[in-house]
Amino acid sequence: MDPSSPAGPLPLAGPIFFDRRDLDLILRVYGRMVAQGEWRDYAMVGHKDLAEFAVFRRHGDAPAYRIEKRPALQARQGQWAVIGEGGIVLKRGRDLAQVLRVFDSRRFNVVE
């Protein structure tokens with residue numbers, strides 16, 4: 041569409057990111073796991089088609105878990121996913137709180 045047309049320019053597509061409500065739920069789980077000594081670091085990245093919250097057991101390691109938001113999948117499998125090491129999808133759904141319960145149902149032990 042032409043910027044001089046009556047409808048105006050097309051909106052620019054920016055990166056996908058978490059909103060305040062999303063971050064509140066994610067950081068609650070993160071804080072609990074840090075207090076248990078399971079996690080030590082995190083990183084957040086907004087990409088063109090997804091937002092990613094990665095958690096690490098030790099600084100510099102590969103992510104132990106990734107929490108992904110993919111709005112394009114909302115109508116299908118759900119926009120939220122928890123992905124474990126090796127890319128295994130542990131839980132997927134439409135409701136973030138429900139997806140994050142995967143961390144409640146397991147006892148995580150660090151194996152070295």
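For the sequence shown, the working numbering assigns the number 41 to the initial residue and increments by one for each residue that follows.
By construction, the Cβ of each residue, glycine as well, lies at the ideal position given by its N, Cα and C atoms.
Query raised in the report: So what's K131 in DSSP terms, helix, strand or just coil?
Result: strand
Query raised in the report: To the nearest angstrom, how far is it from the Cα of I123 to the Cα of R132?
Result: 9 Å
Query raised in the report: To the nearest angstrom, how far is it from the Cα of R116 to the Cα of G71?
Result: 30 Å
Requested in this report: Report the option in R110, Q138, A102 whose CA atom is closest to the CA atom of A91.
Outcome: R110
Query - Min CB distance R134 to chain B below 7 Å - result: The question asks about chain B, but that chain is absent: this structure has only one protein chain.
Query raised in the report: When you compare each of R68, L113, M84 to F96 by their alpha carbons, which one comes out closest?
Result: M84
Requested in this report: List the residues that DSSP assigns as beta-bridge partners of V85.
Outcome: E92
Query raised in the report: Which same chain residues, not among the five before or five after I66, have their C-beta less than 8 Å away from its C-beta?
Result: F58, F93, I107, L136, L140
Report task. Would you kindly work out how many angstroms separate the C-alpha atoms of Q114 and A121, rounded to a whole number? Result -> 11 Å
Query raised in the report: Per DSSP, what kind of secondary structure is R61 in: helix, strand or coil?
Result: helix
Requested in this report: Check the DSSP bridge columns for E108 and list the partner residues they point to.
Outcome: E92, A121
Query raised in the report: In this structure, does DSSP put R72 in helix, strand or coil?
Result: helix
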